[in-house]
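Have a look at the structure below before the remarks.
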Amino acid sequence: MSQSATGVGASVRRKEDLRFITGKGQYTDDINLKDQAYAYFLRSPHAHAKIKSINTAKAAKMPGVAGIFTGQDIADSKLGGLICGWMIHSKDGSAMKAGPHPVLAQGKVRYVGDHVAVIIADTKEQAKAAAAAVQVSYEDLPHVVDASKAMKSKAQIHDVAPDNRVFNWGLGNEESTAAAFKNAAHVTTLNIVNNRLIPNAMEPRAAIGAYDSGTEGYTLYTTSQNPHVARLVISAFHGLAPEHKLRVIAPDVGGGFGSKIFIYAEEVVCVWASKHVGRPVKWTAERTESFLSDAHGRDHHTKAELAVDANGKITGLRVHTIASMGAYLSTFASCVPTYLYATLLSGQYNIPNVYAEVDAVYTNTSPVDAYRGAGRPEATYVVERLVETAARELKLDPAEFRRKNFVTQFPHQTPVIMTYDAGDYGAALDKALQINDYKNFAARKAESAKHGKLRGIGFSAYIEACGIAPSAAVGSLGAGVGLWESAEVRVNPVGSVEILTGSHSHGQGHETTFAQLVSEKLGVDINNVSIVHGDTDKVQFGMGTYGSRSGAVGMHALSKALDRVEAKAKKVAAHCMEASENDIEFKNGTFTVKGTDKKMAFGEVALQAYIAHKPGFEPGLKESAFHDPANFVFPAGVHICEVEVDPETGHTEVAAYTCVDDFGNLINPMIVEGQVQGGIAQGIGQALLEGCSYDDDSGQLLTGSYMDYAMPRARNMPAVENFKLGFTCTPCPTNPMGMKGCGEAGAIGSPPAVINAITNAIGVREIAMPATPLTVWQAMQASGAKKAAE
Amino acid sequence: MPSITIKLNGKAVSGEVEGRTLLVEFIRDHRGLTGTHVGCDTSQCGACVVHVNGKAVKSCTTLAAACDGAEVTTVEGLAKGTELHPMQAAFKEHHGLQCGFCTPGMIMAAIDIVKRNGKNVSEEVIRRELSGNICRCTGYHNIVKAVQAGAQNM
Ligand code: FES
Ligand code: FES
Numbered sequence: 001m002s003q004s005a006t007g008v009g010a011s012v013r014r015k016e017d018l019r020f021i022t023g024k025g026q027y028t029d030d031i032n033l034k035d036q037a038y039a040y041f042l043r044s045p046h047a048h049a050k051i052k053s054i055n056t057a058k059a060a061k062m063p064g065v066a067g068i069f070t071g072q073d074i075a076d077s078k079l080g081g082l083i084c085g086w087m088i089h090s091k092d093g094s095a096m097k098a099g100p101h102p103v104l105a106q107g108k109v110r111y112v113g114d115h116v117a118v119i120i121a122d123t124k125e126q127a128k129a130a131a132a133a134v135q136v137s138y139e140d141l142p143h144v145v146d147a148s149k150a151m152k153s154k155a156q157i158h159d160v161a162p163d164n165r166v167f168n169w170g171l172g173n174e175e176s177t178a179a180a181f182k183n184a185a186h187v188t189t190l191n192i193v194n195n196r197l198i199p200n201a202m203e204p205r206a207a208i209g210a211y212d213s214g215t216e217g218y219t220l221y222t223t224s225q226n227p228h229v230a231r232l233v234i235s236a237f238h239g240l241a242p243e244h245k246l247r248v249i250a251p252d253v254g255g256g257f258g259s260k261i262f263i264y265a266e267e268v269v270c271v272w273a274s275k276h277v278g279r280p281v282k283w284t285a286e287r288t289e290s291f292l293s294d295a296h297g298r299d300h301h302t303k304a305e306l307a308v309d310a311n312g313k314i315t316g317l318r319v320h321t322i323a324s325m326g327a328y329l330s331t332f333a334s335c336v337p338t339y340l341y342a343t344l345l346s347g348q349y350n351i352p353n354v355y356a357e358v359d360a361v362y363t364n365t366s367p368v369d370a371y372r373g374a375g376r377p378e379a380t381y382v383v384e385r386l387v388e389t390a391a392r393e394l395k396l397d398p399a400e401f402r403r404k405n406f407v408t409q410f411p412h413q414t415p416v417i418m419t420y421d422a423g424d425y426g427a428a429l430d431k432a433l434q435i436n437d438y439k440n441f442a443a444r445k446a447e448s449a450k451h452g453k454l455r456g457i458g459f460s461a462y463i464e465a466c467g468i469a470p471s472a473a474v475g476s477l478g479a480g481v482g483l484w485e486s487a488e489v490r491v492n493p494v495g496s497v498e499i500l501t502g503s504h505s506h507g508q509g510h511e512t513t514f515a516q517l518v519s520e521k522l523g524v525d526i527n528n529v530s531i532v533h534g535d536t537d538k539v540q541f542g543m544g545t546y547g548s549r550s551g552a553v554g555m556h557a558l559s560k561a562l563d564r565v566e567a568k569a570k571k572v573a574a575h576c577m578e579a580s581e582n583d584i585e586f587k588n589g590t591f592t593v594k595g596t597d598k599k600m601a602f603g604e605v606a607l608q609a610y611i612a613h614k615p616g617f618e619p620g621l622k623e624s625a626f627h628d629p630a631n632f633v634f635p636a637g638v639h640i641c642e643v644e645v646d647p648e649t650g651h652t653e654v655a656a657y658t659c660v661d662d663f664g665n666l667i668n669p670m671i672v673e674g675q676v677q678g679g680i681a682q683g684i685g686q687a688l689l690e691g692c693s694y695d696d697d698s699g700q701l702l703t704g705s706y707m708d709y710a711m712p713r714a715r716n717m718p719a720v721e722n723f724k725l726g727f728t729c730t731p732c733p734t735n736p737m738g739m740k741g742c743g744e745a746g747a748i749g750s751p752p753a754v755i756n757a758i759t760n761a762i763g764v765r766e767i768a769m770p771a772t773p774l775t776v777w778q779a780m781q782a783s784g785a786k787k788a789a790e
Numbered sequence: 791m792p793s794i795t796i797k798l799n800g801k802a803v804s805g806e807v808e809g810r811t812l813l814v815e816f817i818r819d820h821r822g823l824t825g826t827h828v829g830c831d832t833s834q835c836g837a838c839v840v841h842v843n844g845k846a847v848k849s850c851t852t853l854a855a856a857c858d859g860a861e862v863t864t865v866e867g868l869a870k871g872t873e874l875h876p877m878q879a880a881f882k883e884h885h886g887l888q889c890g891f892c893t894p895g896m897i898m899a900a901i902d903i904v905k906r907n908g909k910n911v912s913e914e915v916i917r918r919e920l921s922g923n924i925c926r927c928t929g930y931h932n933i934v935k936a937v938q939a940g941a942q943n944m
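The listed protein sequences derive, respectively, from chains V and Z.
Numbering-wise (this note's numbering), the first sequence opens with residue 1 and increments by one.
Numbering-wise (this note's numbering), the second sequence opens with residue 791 and increments by one.
See below:
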C-alpha cells in the first residue's frame with residue numbers, strides 16, 4: 001500500500017464531482033438530438049386482461065403525432081421479445097417455464113403498467129394527449145398479486161406455466177438436513193416475508209433511440225449499468241441490428257442499485273421506432289412509470305428453520321421460499337432467488353447441513369429482479385433473524401452464540417456451493433462490540449427508559465459473495481453469459497493515461513478509484529488520468545457494474561493491463577537507455593538501469609514509444625486485458641443497531657448504528673464509507689419504511705408515488721455522531737489488490753439488525769417489515785409491551 | 791402564449807411560454823440549463839430546487855409564467871467563474887454526493903437552509919429541513935456534514 005496522496009488507500013476527493021456540483025453532468029434526459037420526437041407509453045390499467053381490440057385511428061390524427069405502434073406492429077416486424085439470461089432447472093430436471101415477453105403486449109396484458117402501445121409525437125404533451133385518444137377494449141381476467149397465493153390461484157398468467165410456477169428448485173442435502181432437524185435439541189422456526197421494494201434510483205429511466213439512414217446504424221442513449229450487455233441483447237435477441245451497427249451509450253447515470261442492469265421494453269422500442277418514424281425518439285419515465293415498470297426487488301415468502309444441538313452448535317438450516325418473479329422473467333430474475341440466495345444460507349457459520357427449496361412464481365405485478373444485494377439480503381435476513389431468535393430462545397448472548405458458531409478455518413467449503421476464501425469473523429465482532437460499547441448497553445437502555453422510550457439492540461453478522469463472478473462457475477449454474485471484465489490502457493505520447501473500462505460508474509466514483517490504481521502503479525498524477533466508460537463504440541466489450549464487481553473484477557482487469565503497459569514500457573526504456581530489459585527497474589514512475597544512474601521518467605518513455613526513433617520495439621504504448629476471477633469475493637462484517645421505540649405511538653428511531661466491515665484492502669476509504677452509509681440507508685428503509693403494495697382485489701399498485709411509498713429521508717437516519725463505521729482486513733487472496741466488493745454490503749447486513757433491535761426493544765418474537773409505527777404499535781398491544789414500559 | 795422575462799443566473803432572458811409551462815421546463819428545455827433535474831411528479835424529491843428571488847422553490851411545481859420579472863438562480867449560477875460556492879466545495883470535500891442526480895437540488899436547498907438558519911444551523915434542523923429532498927445514494931450522512939461545513943464558509 002502506498003503512502004502517496006493519490007495512490008491506493010488514500011481518501012482522494014472525487015474527480016467526477018466538479019461536473020455534478022456545477023450542474024454540468026450529462027444524464028440521458030439532458031441529451032437532445034436534432035429533430036427528436038417524444039415517446040409516450042400507453043400502459044395497462046388492468047392487472048390481467050385480454051386485449052380485444054386497439055383502435056388508434058382517432059389518436060393518429062391528433063396534432064403532432066408521428067407514429068403509433070402496438071404489439072401487432074412489433075409482431076409484424078418480427079422484433080424479438082425480452083429475455084431472461086439465466087436458465088434454472090427444477091428439481092425434476094425440467095427447464096424453467098419462461099413465458100413470452102414482447103416489448104409491446106400481444107393478446108393480453110399481465111400487470112398494471114404493462115406496455116400496450118407507444119405514441120410518438122413532436123412534443124411530450126402531444127404524445128400524452130394522443131395516448132388518451134387510443135381506444136383499447138379489454139376483457140378482465142382473474143389475477144393474483146400475492147406470491148404466496150400464486151400457485152393456487154385461478155389466474156393463469158402464462159400458458160407454459162399452468163400453476164404459475166416458473167420452477168421448483170433445490171440446493172443442498174435434503175436428507176442430511178432432515179436428519180439434523182430430527183436430532184436437534186432445539187429448533188427455531190420463523191415465517192418470514194422479505195418485503196417487496198421499489199429501487200427508486202433518483203434519475204428515472206430514460207432512452208433515446210436514433211437511426212442513421214446514411215450508415216444504416218442505430219445509437220441508443222440509455223440509463224444502463226451495462227451498455228455492452230444491452231447492445232448484445234438488443235442485437236442477438238431482439239434482432240434489431242448487428243452489434244457493429246448499434247452503439248449504446250450510457251452517459252452519466254443517476255443511480256442504479258440493480259434496476260438499470262436490465263433490458264427494458266422502452267429502450268428497445270425507442271431504438272426500433274426511430275427507424276420507423278425517421279427521427280430520434282426520446283422517452284423519459286415519469287416517476288409514476290418508474291414505480292409501475294422498473295423491476296422491483298425482494299418479495300420472498302419463506303418458512304425458515306434452524307436446528308441447534310445441546311451444546312449450542314448449529315447443526316442445520318432449512319428454508320422453503322416462494323419468490324415472486326412478477327408477470328414476466330426480467331433479464332436476470334431467475335438467479336436472484338436461487339444462486340444469489342441459497343448459496344449464502346450458511347452465513348458466517350459452520351453449518352454442516354443446509355437445504356433450500358424455492359418455488360419461483362408468476363404474479364400480476366411488475367417483474368422482480370436484482371435490487372442492491374439481490375438474493376443476499378434475503379439470505380442474510382433469514383439467517384440472522386433465525387440466529388438471533390434462537391439465541392434468545394436458548395437464553396444465550398446473541399453475540400456469543402454467533403461467535404460460537406463462526407467459521408474459523410479458511411478456505412471453508414459450505415454445503416451450498418461457496419468456498420469462503422478468507423475472513424476473521426471474530427475480529428469484526430470484537431471491533432463492533434467495542435465501537436458500539438456493548439457492555440454499557442444496559443445503562444443506555446435505562447437512560448432511554450427515563451425518557452419514556454424502549455431501547456433495543458440487534459445484531460447482524462452478514463457475509464456475501466460478490467465480485468460477480470467466475471465465468472466457469474456461473475456458466476455451470478445456468479448463466480447465459482460470462483462475467484469477466486475488460487480494461488484498456490492508452491498511454492498518450494505526453495505520458496497522460498486514458499483508461500477504457502467495461503465497468504460503469506453510476507455513483508461509485510470509478511473516475512477516482514480507477515485513477516488511483518493507475519497513479520499507484522505507474523506513478524502518474526491522477527489528474528493526468530482519465531476514465532472512459534459507458535460507450536460501446538469506445539470501450540471494448542465489457543460486462544458492466546453490479547454485484548459489487550467493479551473493484552474486484554474491473555480493477556483486476558485494469559491491474560493486468562497496467563502490468564502489460566509496464567512490461568512494454570520497460571522494453572522501450574531498455575532500448576532508449578541501451579540496457580538489457582532485465583536490468584530495468586520501475587518505481588514511483590521512473591525507469592532506472594540497475595547499478596547505474598541512468599533513468600527515464602514514465603512520460604519520457606511514453607514519448608519515445610511513439611517517436612520510435614530507436615529501432616527494436618513495436619511503436620506505441622497501449623495494452624488491454626480481460627480478466628475472469630478465480631472465485632467470488634466474500635465481504636463480511638457485523639452490524640449492531642440500537643433503536644428507541646416510543647411506546648405511545650410505535651414510532652421507531654435508529655438511535656445508534658455500528659457497522660464493521662471486512663472488505664480486504666480499501667482503495668479509497670472515503671468512497672467505501674459512502675457506499676456503506678448509502679447501503680445501510682436502503683436497509684433501514686426496507687426495515688422501517690419501504691413496502692411495495694399491490695391491492696389484492698384490483699391488482700392496482702397502491703404505492704405508486706413518493707406520497708405512498710416511504711423513502712428514507714435525512715431524519716430517518718441516525719445522527720452523525722451515533723453512526724459509526726469500522727473496518728477489519730483480511731486481504732482477498734484472489735486479486736492482486738486484496739480487495740472485496742463494498743457496494744451492496746450495507747443493504748445486505750442492515751435489515752435484520754434493525755428488526756432484531758425492534759423485537760428486542762418491545763419483547764416480541766416477530767415483526768413484519770416495514771416496521772411502521774402502526775405495525776410496531778399493534779405488536780406492542782398484542783404482547784403487552786406497552787404496559788411493561790410504564 | 792405569454793412572453794416572460796426572467797433574470798436567470800444574472801442574465802435577463804425572455805421567452806414565450808404556455809400557461810402550463812413549468813419553471814423547470816423553461817430552465818431545462820427552453821434555456822438548455824440541464825443542471826436542474828426532475829426526479830418525481832409529486833413535488834417530493836427536491837431534485838428540481840432553484841432559487842426564485844433568493845428563496846428555494848421546487849421548479850417542478852412552479853409555473854414559468856408566475857416567475858415573470860423574477861430573479862432565478864440555478865446550480866449553474868452559483869460559482870463565480872472557477873471559484874465554487876462554499877456549499878458546492880463542501881459537498882465535494884465531504885463526499886456529499888455519489889451519482890450526483892439529487893446534488894443540484896440538495897445544494898440549492900442547503901444554501902437556503904443556511905440563509906434562514908444561520909452559520910451554526912444544527913444537525914437536527916438540517917435533517918428536518920431536508921425532508922423535501924431525497925437522495926438514494928448517500929444515506930444523507932455526508933450531506934449533513936457537507937451542509938454544516940458549507941454553512942461555516944458561507
Ligand atoms: S422534481 Fe420537483 S420535487 Fe421532484
Ligand atoms: S447522490 Fe445519487 S441520489 Fe443523491
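Virtual Cβ for every residue (Gly too), placed ideally from N, Cα, C.
- In the DSSP annotation of this structure, V:Glu16 is not part of any alpha helix (DSSP H), being labelled neither H nor E.
- Partner residues in a beta bridge of V:Tyr709, as assigned by DSSP, do not exist.
- Distances taken from the Cβ of Z:Lys845 to the heavy atoms of ligand 1 include none shorter than 7 Å.
- The beta carbon of V:Ala265 sits closer than 6 Å to those of Val103 and His115, all from its chain and outside the five residues before and after it, given in chain order.
- For Z:Arg918, the nearest CB of chain V lies under 8 Å from its own CB, placing it at the interface with that chain.
- At a cut-off of 8 Å between C-beta atoms, Z:Ser849 does not count as an interface residue with respect to chain V.
- Not a single CB atom of chain V sits nearer than 8 Å to the CB of Z:Thr852.
- Listed along chain Z are Cys889, each with a C-beta nearer than 8 Å to that of V:His506.
- Annotation for V:Tyr218: the continuous beta strand (DSSP E) segment containing it runs Gly217 to Thr222.
- Here V:Asn311 is exposed. Its C-beta has fewer than 16 other C-beta atoms within 10 Å.
- Considering only V:Thr70, V:His276, V:Val643 and V:Asp73, the residue with the shortest C-alpha distance to V:Gln36 is V:His276.
- For V:Pro204, at least one C-beta of chain Z is nearer than 8 Å to its own C-beta.
- Runs of the alpha helix (DSSP H) lying entirely within the segment 330-362 of chain V, each at least 4 residues long, are absent.
- By the criterion of at least three beta-carbon pairs nearer than 8 Å, the segment 640-652 of chain V is not in contact with the segment 614-628 of chain V.
- Secondary structure in the segment 644-677 of chain V: the beta strand (DSSP E) runs of 3 residues or longer, each lying completely within the stretch, are 652-662 in chain order.
- Taking CB atoms only, Z:His885 has a neighbour in chain V less than 8 Å away.
- The DSSP assignment places complete alpha helix (DSSP H) segments of no fewer than 4 residues inside the segment 466-513 of chain V at 471-476, in order along the chain.
- In chain order, Ile68 and Val134 place their CB closer than 6 Å to the CB of V:Thr56, counting only its own chain and leaving out the 5 sequence neighbours on each side.
- Counting C-beta pairs with one atom in each stretch, the segment 524-533 of chain V and the segment 670-684 of chain V have fewer than three that are closer than 8 Å, which means they do not touch.
- Distance from the CA atom of V:Val118 to the CA atom of Z:Ala837, rounded to whole angstroms, is 28 Å.
- Contact between V:Gly544 and V:Ser486 is absent: CB atoms are separated by about 11 Å, not below the 8 Å threshold.
- When Cβ-Cβ separations below 8 Å define contact, Z:Thr893 makes contact with chain V.
- Neighbours of Z:His931 in chain V, taken as residues whose beta carbon is under 7 Å from its own, are Gln677, Met717, Val720 and Phe723 in chain order.
- Taking a cut-off of 8 Å on C-beta distances, the segment 330-347 of chain V touches the segment 367-376 of chain V, as three or more cross pairs fall below it.
- Between V:Gly23 and chain Z, the shortest Cβ-Cβ separation is below 8 Å.
- Annotation: V:Val12 to V:His510 spans about 12 Å, alpha carbon to alpha carbon.
- Shortest gap from the CB of V:Ala710 to any heavy atom of ligand 1: 7 Å or more.
- For Z:Val842, the Cβ stays outside the 7 Å cut-off from all heavy atoms of ligand 1.
- Classified as exposed, V:Ser137 has fewer than 16 neighbouring CB atoms from the shown chains inside 10 Å of its CB.
- For V:Arg372, no beta strand (DSSP E) segment is defined, and its DSSP state is neither H nor E.
- In this structure, Z:Phe881 has its beta carbon at no less than 7 Å from each heavy atom of ligand 2.
- Annotated as distal: V:Gly254 and V:Glu289, with beta-carbon spacing of 8 Å or more.
- Contact between V:Ala130 and V:Ala59 is confirmed by a C-beta separation of about 4 Å, below the 8 Å threshold.
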